[in-house]
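Written out below as structure tokens is the structure these notes cover.
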Amino acid sequence: MNRPYVLFLFSLICIISVFPAALAAAETGPAWNFGGSGRLSGWSPRDMNQTRFTADAISFVSGRDSSIVSPDVMFSAAQFPICEIVMRADRKTVGELFFAAPTEVFSQQNSLPFQVEPSTEFQVYRIDCRNNPLWTGTVARLRFDPAASNGIRIQVKSIRLLPADGEEMLSAEYVGMASATAGQDDDAYRETTLTGIPQPPPAVTSKLPNQLGFTGPVAGLRARTSREIPAGNIFGAAICGNEFFANTPETKGALWSACWLNDGEELADVHNTVYSSAMHYSPEVEEWCMIELKKHERISRIALKPRHGSNLDGFPVDFHILCSNDGSSWTRVAEMENCQALPAGKDSFAFDFEPIPVKFVKVIATRLRAEGERRYYFQLREVEAFGTDGVNYAAAGRGGTATAGNPLGSGTFDYRKFYDDIFDSGAQWLFVSNNSFLSRHRTGKPPCTRAEIPNAEYLQKNGVKLIYRFLQLPSFGEYRAAPERVVREYVEAVAAVVGELRGKVAVWSLANEQNFYGDTVSPDDLPGYREYYVALVGAAAERVRQLDPQTPIEIETALFDFGWTEAVLAAGLAGKVDRIGVHIYKELRGRDTFPEAAGAVSKDGKRSYTEPYRDYGEQITAFRKLLGKYNPRLEINVSETGVNTGDNPAGGSYYVSAKSQAKFLARLYTYHLFYGIGPTCWWSLEPVKTGEYQWGLILPDGQRKEAWYALRNVAAVLDNSCRPSEELSFRVDGETDAFVGRVLRNDSGEYIIPYWAAVKMRDGNTGKAVDLIVSGPKLRHMEAVDTLSGTVHPVRFEQEGEGYRLKNMILRDYPVILRIR
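Reading the sequence shown from the start, the letters are residues -24 to -1, 1 to 797 in mature numbering (1 follows the signal peptide of the UniProt record, and there is no 0).
Written out as structure tokens, the structure is:
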């Protein structure tokens, strides 16, 4: 995967014309102007950094997958076949226009990529959408992805649809793709790569043999729970939410879910009882929440409580409130624009009106406020609807039911199921992040919540080891103003937690991705910023070592960061910490993702793709060599990793299908076992949605995803007793692209051989028949374990000389594991 970006990965050819903006003039269909009073004209942005509006454009720095999505539009594709985009970029990149019919979602096949040239002036790009044969019928929505990588400064002025105007279009070669008339298959973005097997593509629910001609029974693999793996393993998951710190068997609501809108704050002292929408990158997004009363009531007052009291972070800037008798006809009873402060002495915004019969109350936010920096949410602590008798009929205790359009969390919290999802997977590591220990210390609260200690004990009892991250650091500004006080306070806060949880934590992790500082730290301030990090983390590490000398200490980095890691180790951390927890995220937008490929790195505070490693193994070896230069005992953990599913399951790394996510996990976890790094924690266990992307091993409805089953299946066979063995040799007979395999032996004497083809993961891949040659001691029995479907069956083999031939074994794009006795 470490290769130049090539545009033939896209399946369709886009022919464009480019003009200086001053020359553009044409009759127009639907049109949108950005900036000024129009702002985004109803379009919704995602993953944009440093966003600002000028008089006539939106300006931003592209993120990993920036896009803007149109409001609902309905126009004839035949009437308006030209899409005109007026924009400029400071570097050469690739833009992409997506379109969808009324009943469709965006997909790669419904897209038109085009080349964007660097320019200081606005350029007009006219895309001939007819070059995609699916540009037919009615177009209902558009999505524009302005860049193929992050860190590009972009301004978008306008987007409009035009009728065919007969203007000469540039050739297809302008965008770097072969001509559509050349007969070349441009479907490389989605093509299957392992085919020819007379079987359907495997699935989690299938029972397909992994040897052609096998007609015997295919059995289910016996899974192992976390505590049934005495040898230990490196497999784990991360929790990105607050469940470990807040939830007890008595807690009913999932974090951030709609149920907290009318819970009456009964658990406010132990839980974050706040509703939040999903995250957005712009305030110009509409979000809603609604309370359905148990029965019709005469309501005369509605009150909204902000999340933070007088701090309005997350509370909408513009919103209105609707009431309805039937859920279809609505009356606007209140509205507010440019909301900036609570009324003096009040903890809520209350709106009084003449009593009306109400069954439904709906709050619609039309302009959001940031919660933190450049991250926008719709957040409320409580929605109350009072009758003329003063009773809050919206309360859950009165039968009110809360729902929302796009909640960050969903459903109710099932304590038993949440932890069973960990234990049943066979994962033996759980990565949790405490983001409140410092504020709890500063406000005089106990160092641990009442849920932490019993939950840590529950995990320990069930064979799961805890990696406990102190996520917060005091700010760089605080440290510069009073370094001694800030260091002392931070160390005290860390020590207080360690004193409570000592003996229940397997790894203490200090801080987060401070190496990923981007543009927030100037080159002149960088030495002081590193000093600040080393001073805080170093002092805390020394104190943790005093309190809990047997437990390893870890620091975190975003991606592999050779420069930052060397600098902080050389500055004194090499002798104070035991592990580097690297956050491995390999996705490169517009390309496929390969677990075995050298991924992105962090360099000078930003993501970079320019490191010279041929593959992941070489990258691991180079990083391990760097650590050994300062401390040979330093180990590598992968405390965060993952790849997300999205709205385009056919696409590359930012849009993998659920099945490809499972294949990625199985390949990556097995690869880490080969190279002796870990534990590896998948981000995340629980469902999290950022923009249009779905992370997590569990769906919002509680179902276990394919990747969860892949984790379970890998953990059922592989553990820390599996060590490289030279007693047995193993090879594939003949030429096979990207073959990966290794011989291991476990404590019970079994030989364990995981093997796969490190090719593009495709749902349509059926596999390739190959012969495998195994040589060594006399063998009595072989069986093949499928890590996707969790099945197992005996393998036929023939003696050949001093070895054995396994005929017609199926090579998959995920690990099949031979167990040999």
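Here a beta-carbon is modelled for each residue, glycine too, at the ideal position from N, C-alpha and C. None of the values given here were measured: they were computed from a predicted structure.
CB contact flag (residue i, residue j, <8 Å)
| i | j | result |
| --- | --- | --- |
| L197 | D789 | no |
| Q187 | I786 | yes |
| S485 | E433 | no |
| A234 | P383 | yes |
| I728 | R721 | yes |
| V470 | V520 | yes |
| D537 | V577 | yes |
| R64 | S95 | yes |
| A534 | F221 | no |
| V463 | E530 | no |
| H256 | L138 | no |
| I556 | I596 | no |
| A378 | F325 | no |
| L687 | L641 | yes |
| D723 | A403 | no |
| V614 | G654 | yes |
| S182 | S765 | yes |
| L673 | L661 | yes |
| I128 | T201 | no |
| E778 | P770 | no |
Proximity winner among the options, relative to residue i (alpha-carbon distances)
| i | options | result |
| --- | --- | --- |
| A714 | F36, K744, L694 and V115 | K744 |
| R643 | E726, I560 and A733 | A733 |
| D323 | G504, R357, Q448 and Q775 | R357 |
| A341 | L687, K335, P333 and Y353 | Y353 |
| R742 | W264, D397 and P174 | Note that residue 742 is Thr in the sequence shown here, rather than Arg. When each option's Cα is compared against that of T742, the closest is P174. |
| G752 | T763, S701, G740 and K736 | S701 |
| residue 814 | N9, T227 and H559 | What is shown of the chain runs -24 to 797, which leaves residue 814 out entirely. |
| T712 | V693, V735 and D723 | V735 |
| D121 | A54, P109, V37 and S202 | V37 |
| L545 | P528, A573, T527 and R506 | R506 |
| Q679 | E594, E465 and D396 | D396 |
| P282 | I275, F291, S276 and R274 | F291 |
Residue i, DSSP secondary structure in three states
| i | result |
| --- | --- |
| G385 | coil |
| D396 | helix |
| E774 | strand |
| L318 | coil |
| E72 | strand |
| L782 | strand |
| R198 | coil |
| C235 | helix |
| E428 | helix |
| G740 | coil |
| E149 | Because E149 carries a pLDDT of 25, less than 50, the predicted location of this residue cannot be relied on, and the following value inherits that uncertainty. The answer is helix: DSSP assigns E149 an H, G or I state. |
| P206 | coil |
| S42 | strand |
| residue 802 | Here the chain has residues from -24 to 797 only, and residue 802 is not among them. |
| R119 | strand |
| G373 | helix |
| H417 | helix |
| W111 | coil |
Distance between beta carbons of residue j and residue i, contact taken as under 8 Å
| i | j | result |
| --- | --- | --- |
| D32 | G11 | 5 Å |
| A213 | W540 | Actually they are not in contact, since the Cβ atoms of A213 and W540 sit about 26 Å apart, beyond 8 Å. |
| D294 | M312 | 7 Å |
| N248 | N218 | 6 Å |
| E347 | D289 | 5 Å |
| Q670 | T617 | So it is not a contact: roughly 16 Å between Cβ atoms. |
| T388 | A244 | In fact, because the Cβ distance is near 17 Å, the residues do not count as touching under 8 Å. |
One or two residues paired with residue i in a DSSP bridge
| i | result |
| --- | --- |
| D762 | T767 and V792 |
| F29 | I34 |
| M50 | Partner(s): none; M50 has no beta bridge. |
| E273 | V334 |
| R718 | Its beta-bridge partners do not exist; DSSP assigns none. |
| W8 | I135 |
| W658 | A213 and T617 |
| S751 | S705 and G779 |
| D294 | R343 |
| A530 | Reading off the sequence shown, one finds Glu at residue 530, where the question assumed Ala. Looking at the DSSP assignment, E530 forms a beta bridge with S485 and R555. |
| P700 | L720 |
| N410 | F446 |
Proximity test, residue i beta-carbon vs the ligand GDP heavy atom, cut-off 7 Å
| i | result |
| --- | --- |
| L184 | Within the structure as shown, the ligand GDP is missing, as the structure has no ligands at all. |
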